Amino acid sequence: MSQDKVLIAGGGIGGLTLALTLHQIGVPCTVFESAGELRPLGVGINLQPNAVRELADLGIGADALDRVGIPAREWALVGLNGKDIYTEERGTFAGYKWDQYAVHRGRFHMLLYRTVIERLGEDAVKLGHKVTGYRNNSDGTVTATVELGDGTIEAFDGRLLFGADGIRSALRAQMHPDQPPIHWGGTIMWRGTARARPIRTGSSFIGLGTSRHRVVFYPISHPDADGLADINWIAEQTFDTDHDWAKSGWFRSVPLSEFAHEFHGFVYDWLDLPALISQSEVAFENPMIDRDPIPTWIDGAVALIGDAAHPMYPTGSNGASQAIIDARNIGRIMLDHDVTPATLEAFDDQYCAAIGQVAMRNRGSGPFGLLEMVEARCGGQFEHIDDVIPAEERAAFMLAYQQAAGFAKDRLNRAPRTIPEGATLAKALA
Ligand SMILES: Cc1cc2nc3c(=O)[nH]c(=O)nc-3n(C[C@H](O)[C@H](O)[C@H](O)COP(=O)(O)OP(=O)(O)OC[C@H]3O[C@@H](n4cnc5c(N)ncnc54)[C@H](O)[C@@H]3O)c2cc1C
Numbered sequence: 173m174s175q176d177k178v179l180i181a182g183g184g185i186g187g188l189t190l191a192l193t194l195h196q197i198g199v200p201c202t203v204f205e206s207a208g209e210l211r212p213l214g215v216g217i218n219l220q221p222n223a224v225r226e227l228a229d230l231g232i233g234a235d236a237l238d239r240v241g242i243p244a245r246e247w248a249l250v251g252l253n254g255k256d257i258y259t260e261e262r263g264t265f266a267g268y269k270w271d272q273y274a275v276h277r278g279r280f281h282m283l284l285y286r287t288v289i290e291r292l293g294e295d296a297v298k299l300g301h302k303v304t305g306y307r308n309n310s311d312g313t314v315t316a317t318v319e320l321g322d323g324t325i326e327a328f329d330g331r332l333l334f335g336a337d338g339i340r341s342a343l344r345a346q347m348h349p350d351q352p353p354i355h356w357g358g359t360i361m362w363r364g365t366a367r368a369r370p371i372r373t374g375s376s377f378i379g380l381g382t383s384r385h386r387v388v389f390y391p392i393s394h395p396d397a398d399g400l401a402d403i404n405w406i407a408e409q410t411f412d413t414d415h416d417w418a419k420s421g422w423f424r425s426v427p428l429s430e431f432a433h434e435f436h437g438f439v440y441d442w443l444d445l446p447a448l449i450s451q452s453e454v455a456f457e458n459p460m461i462d463r464d465p466i467p468t469w470i471d472g473a474v475a476l477i478g479d480a481a482h483p484m485y486p487t488g489s490n491g492a493s494q495a496i497i498d499a500r501n502i503g504r505i506m507l508d509h510d511v512t513p514a515t516l517e518a519f520d521d522q523y524c525a526a527i528g529q530v531a532m533r534n535r536g537s538g539p540f541g542l543l544e545m546v547e548a549r550c551g552g553q554f555e556h557i558d559d560v561i562p563a564e565e566r567a568a569f570m571l572a573y574q575q576a577a578g579f580a581k582d583r584l585n586r587a588p589r590t591i592p593e594g595a596t597l598a599k600a601l602a
């Protein structure tokens with residue numbers, strides 16, 4: 173392999189978006205993915221308008237996204253008493269130039285994968301290649317150590333190496349050997365999808381319950397001829413932190429009987445949650461985890477992106493979006509600084525501290541912080557939410573979150589393209 177290539181560890185949402193971005197600006201790259209086969213894994217995720225804009229600039233527009241998801245119309249927080257706490261429109265319905273998409277994570281991942289193969293060729297993604305470490309070389313290049321499916325070890329040289337290898341990143345572990353272990357704040361999530369009729373606007377994201385005991389659900393497909401869509405649901409329960417969370421593997425498949433009884437009371441005249449959950453063939457259990465922010469994402473010719481750099485609680489629905497934004501920001505900065513560590517330094521300077529703060533906001537409940545305010549002020553009992561938190565205060569709370577996360581409407585609508593149309597590196601590499 174030519175050492176002029178950029179190496180990417182991890183073929184998830186961040187790694188594949190980076191591959192497409194580098195290809196767009198004329199920089200050759202290779203993705204190393206530890207899985208021997210990519211399958212449509214996971215359940216629902218949200219792509220915020222800032223990420224949807226970037227996908228459109230990559231030529232992945234509404235036609236493609238409508239095959240793996242649906243534009244979200246509404247975001248609503250509802251108290252355990254069934255009454256609305258906060259609602260707002262989303263995406264183009266709220267005046268953004270781009271939609272917010274609620275998508276099936278696995279189907280969206282496969283869309284990115286197919287697009288990479290179509291544009292960069294079959295060889296661009298090396299499956300069954302687990303990156304186990306790296307070495308910065310004295311000539312400024314970097315060598316990645318890769319373990320193949322059969323256990324053999326190979327070394328690959330490149331100009332730069334990106335660690336897009338997720339929350340358990342091997343590159344991050346080498347870069348920060350003293351980092352604290354994964355952080356768990358006490359919440360276990362059970363996730364699944366069920367075929368059901370969407371409620372409210374037909375594409376509403378609904379968070380219902382209390383800060384320690386709640387459910388989130390939203391459709392992730394357009395309805396079929398019978399009006400049924402895939403409804404993504406996440407049932408969440410917060411335990412005391414002496415609970416043994418480590419027994420919950422990442423996406424451990426569990427029978428509904430293990431947790432459904434915790435949510436039997438979520439029955440209203442507009443929702444029968446136990447009935448919805450019972451339609452699911454399978455549920456996945458996973459702890460809500462993240463990591464403490466680190467002081468830098470870079471080491472010489474190596475940089476971390478996506479969950480490897482800033483794993484976040486899903487409370488802000490922005491983990492996947494931020495991985496996409498990272499990839500696009502790298503492309504933009506590379507146009508100025510070339511395929512050099514200077515690109516990585518600028519990326520780190522501009523985003524490491526700021527995105528670390530977004531992750532910490534998500535740990536502090538992100539937009540779900542409104543539920544805590546309701547509980548603190550009235551114990552969750554209210555007739556009209558305006559009597560508890562005035563509308564202006566609710567709106568200000570949400571705006572502060574959106575600004576920090578980079579999807580505040582006016583700023584995004586005014587922003588120029590991240591990567592100007594047709595821009596490529598003048599010195600495109602061989
Ligand atoms: C299988 C799976 C299912 C998920 N399902 C959901 C979901 O339902 N809902 C949700 O909110 N989030 C889910 N996530 C997390 C979500 O996709 C990420 O938070 C977000 O998209 C950020 O993406 P990322 O590319 O940084 O990380 P990830 O999406 O985690 O991708 C990392 C990739 O790197 C690969 N990898 C890991 N270690 C190595 C290594 N040493 N060498 C090479 N490759 C490596 C992994 O196999 C993976 O493909 C899931 C992640 C995975 C991997």
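Throughout the sequence shown, residue numbering follows my numbering, covering 173 to 602 in sequence. All C-beta atoms in this analysis are idealised placements derived from N, C-alpha and C, irrespective of residue type, glycine included. Source: prediction; values computed, not measured.
Assuming asparagine 222 and phenylalanine 579 make a contact with CB atoms under 8 Å, what is their CB distance in whole Å? One-based indexing of the sequence shown puts residue 222 at position 50. One-based indexing of the sequence shown puts residue 579 at position 407. Yes, they are in contact, since the Cβ atoms of asparagine 222 and phenylalanine 579 sit about 5 Å apart, within 8 Å.
Between which residues of its own chain and methionine 604 is the CB-CB distance below 6 Å, once the five residues before and five after are set aside? Limits of the chain in this structure are 173 at one end and 602 at the other, which puts residue 604 out of reach.
With contact counted as at least three CB pairs below 8 Å, one residue from each stretch, are the segment 176-185 and the segment 327-346 in contact? Yes, since at least three Cβ pairs between the segment 176-185 and the segment 327-346 fall closer than 8 Å, the two stretches touch.
Can we count histidine 301 as close to ligand 1, meaning its CB is less than 8 Å from some heavy atom? Position 129 of the sequence shown, counting from 1, holds the residue named residue 301. Proximity of the beta carbon of histidine 301 to ligand 1 is indicated: a heavy atom of the ligand is located closer than 8 Å.
Which residues in the same chain as arginine 363 place their Cβ atom closer than 6 Å to its Cβ, once the five residues preceding and following it in sequence are excluded? Residue 363 sits at position 191 when you count from the first residue of the sequence shown. Cβ neighbours of arginine 363 beyond the five flanking positions: Val215, Ile406 and Phe456.
If the criterion is Cβ atoms closer than 9 Å, does the pair aspartate 471 and glutamine 351 meet it? Numbered from its first residue, the sequence shown carries residue 471 at position 299. Numbered from its first residue, the sequence shown carries residue 351 at position 179. The beta carbons of aspartate 471 and glutamine 351 sit no closer together than 9 Å.
What's the C-alpha gap between arginine 504 and arginine 589? Position 332 of the sequence shown, counting from 1, holds the residue named residue 504. Position 417 of the sequence shown, counting from 1, holds the residue named residue 589. Taking the straight line from one Cα to the other gives about 9 Å.
How long is the line joining the alpha carbons of alanine 600 and glycine 198, rounded to whole angstroms? The sequence position of residue 600 within the sequence shown is 428, counting from 1. The sequence position of residue 198 within the sequence shown is 26, counting from 1. Residue placement at alanine 600 is poorly supported in this model, since its pLDDT is 45, which falls under 50; the coordinates are not used for a value here.
Classification of glutamine 574 by the beta-carbon crowding that lies within 10 angstroms, buried from 16 upward: Translated into the one-based positions of the sequence shown, residue 574 becomes position 402. Counting Cβ neighbours within 10 Å, glutamine 574 comes out buried, since at least 16 surround it.
Could I get the ranges of all uninterrupted alpha helix (DSSP H) runs contained in the segment 418-476, with 4 residues as the minimum, in chain order? Taken in chain order, the complete alpha helix (DSSP H) segments of 4 residues or longer contained in the segment 418-476 are 445-450.
Would you report the Cα separation of valine 454 and leucine 448, rounded to the nearest angstrom? To locate residue 454, count along the sequence shown from 1; it is residue 282. To locate residue 448, count along the sequence shown from 1; it is residue 276. Using only the alpha carbons, I get a separation of about 12 Å.
Given a cut-off of 9 Å, decide if glycine 208 and leucine 299 are closer than it, judged by their beta-carbon atoms. Here residue 299 corresponds to residue number 127 of the sequence shown, with the count starting at 1. Here residue 208 corresponds to residue number 36 of the sequence shown, with the count starting at 1. Taking the C-beta atoms as reference points, glycine 208 is found nearer than 9 Å to leucine 299.
With a 10 Å radius around its C-beta and 16 neighbouring C-beta atoms as the bar for buried, classify glutamate 226 as buried or exposed. If you number the sequence shown from 1, residue 226 lands on position 54. Under this definition glutamate 226 is a buried residue.
Cα separation between leucine 507 and leucine 230? On the sequence shown, residue 507 is found 335 positions in, with the first residue counted as 1. On the sequence shown, residue 230 is found 58 positions in, with the first residue counted as 1. For leucine 507 and leucine 230, the distance between alpha carbons rounds to 16 Å.
Beta-carbon separation (whole angstroms), arginine 609 vs serine 376, contact threshold 8 Å: The question about residue 609 has no answer, for the chain in this structure spans 173 to 602.
Could you tell me which of Val240, Gln494 and Thr487 sits nearest to alanine 526, measuring between CA atoms? What you label residue 526 is simply residue 354 of the sequence shown in a count that begins at 1. The residue with the shortest Cα to Cα distance from alanine 526 is Gln494.
Endpoints, alpha helix (DSSP H) assigned at histidine 195: As a position in the sequence shown, residue 195 is number 23, starting the count at 1. In the DSSP annotation of this structure, the continuous segment of the alpha helix (DSSP H) that includes histidine 195 starts and ends at 185-196.
For the alpha helix (DSSP H) that contains threonine 373, what are its first and last residues? Here the question's residue 373 lines up with position 201 in the sequence shown. Looking at the DSSP string, threonine 373 is not in any alpha helix (DSSP H), and its letter there is neither H nor E.
Can you check which of these residues, Thr382, Ala368 and Ser383, is closest to arginine 446 by C-alpha distance? Within the sequence shown, numbered from 1, the residue matching residue 446 stands at position 274. Residue 446 is actually proline in this sequence, not arginine. Nearest option by C-alpha distance: Ala368.
Could you check how far apart the C-beta atoms of tyrosine 285 and valine 224 are, in whole angstroms? I think they sit under 8 Å. Mapped onto the sequence shown, residue 285 falls at position 113. Mapped onto the sequence shown, residue 224 falls at position 52. Taking 8 Å as the upper bound for CB-CB distance, tyrosine 285 and valine 224 are not in contact here, some 19 Å apart.
Glutamate 294: beta carbon under 8 Å from a heavy atom of ligand 1? Numbered from 1 along the sequence shown, position 122 holds the residue referred to as residue 294. No, ligand 1 has no heavy atom inside 8 Å of this Cβ.
For the segment 236-252 against the segment 261-277, do three or more pairs of beta-carbon atoms, one drawn from each stretch, fall closer than 8 Å, so that the two count as touching? Yes, since at least three Cβ pairs between the segment 236-252 and the segment 261-277 fall closer than 8 Å, the two stretches touch.
Identify whether aspartate 559 lies in helix, strand or coil by the three-state DSSP scheme. One-based indexing of the sequence shown puts residue 559 at position 387. Aspartate 559 falls in the helix class under three-state DSSP.
Under 9 Å between C-beta atoms of leucine 213 and histidine 301: Here residue 213 is taken as the residue at index 41 of the sequence shown, counted from 1. Here residue 301 is taken as the residue at index 129 of the sequence shown, counted from 1. The Cβ atoms of leucine 213 and histidine 301 lie no closer than 9 Å to each other.
Answer yes or no: do methionine 347 and leucine 476 have a C-beta to C-beta separation smaller than 9 Å? Against the sequence shown, residue 347 aligns to sequence position 175. Against the sequence shown, residue 476 aligns to sequence position 304. Yes, Cβ-Cβ distance for methionine 347 and leucine 476 is below 9 Å.
Kindly indicate the opening and closing residues of the beta strand (DSSP E) around tyrosine 523. Along the sequence shown, one-based indexing puts residue 523 at 351. Where tyrosine 523 is concerned, there is no enclosing beta strand (DSSP E), although the alpha helix (DSSP H) around it starts and stops at 513-535.
If we count the other Cβ atoms within 10 Å of its Cβ and call it buried at 16 or more, is valine 530 buried or exposed? The count along the sequence shown starts at 1 and reaches residue 530 at position 358. Burial state of valine 530 is buried, judged by a 10 Å Cβ sphere holding 16 or more other Cβ atoms.
Ordered along the chain, which non-local residues of its own chain (more than five positions away) have a Cβ less than 6 Å from that of serine 452? Locating residue 452 in the sequence shown gives position 280, where the first residue counts as 1. Only Gly364 and Ala366 meet the Cβ criterion.
Going by the C-beta, is isoleucine 289 closer than 8 Å to any heavy atom of ligand 1? Position 117 of the sequence shown, counting from 1, holds the residue named residue 289. Look at isoleucine 289: its beta carbon is at least 8 Å from all of the heavy atoms in ligand 1.
Beta-carbon proximity check, alanine 567 vs glycine 186, cutoff 9 Å: Taking the sequence shown and counting its residues from 1, one reaches residue 567 at position 395. Taking the sequence shown and counting its residues from 1, one reaches residue 186 at position 14. Between alanine 567 and glycine 186, the C-beta spacing is not below 9 Å.
Ends of the beta strand (DSSP E) at histidine 385? Within the sequence shown, residue 385 is the residue found at index 213, counting from 1. Its beta strand (DSSP E) spans residues 385-391.
Rounded to the nearest angstrom, what separates proline 200 and serine 450 at their Cα positions? As a position in the sequence shown, residue 200 is number 28, starting the count at 1. As a position in the sequence shown, residue 450 is number 278, starting the count at 1. Distance between the alpha carbons of proline 200 and serine 450 is about 48 Å.
Using only the alpha-carbon positions, how far apart do aspartate 441 and tryptophan 356 sit? Translated into the one-based positions of the sequence shown, residue 441 becomes position 269. Translated into the one-based positions of the sequence shown, residue 356 becomes position 184. Aspartate 441 and tryptophan 356 have their C-alpha atoms some 35 Å from each other.
For phenylalanine 204, verify whether its CB is less than 8 Å away from any heavy atom of ligand 1. Translated into the one-based positions of the sequence shown, residue 204 becomes position 32. Answer for phenylalanine 204: yes, Cβ within range of ligand 1.
So is histidine 556 buried or exposed if we call it buried at 16+ other beta carbons inside 10 Å? By 1-based counting over the sequence shown, the position of residue 556 is 384. Answer is exposed; the Cβ neighbour count stays below 16.
Mind checking alanine 602: buried by the 16 CB within 10 Å criterion, or exposed? As a working mapping, residue 602 is identified with position 430 in the sequence shown. No answer about alanine 602 holds up, because its pLDDT of 42 lies below 50 and its placement is not dependable.
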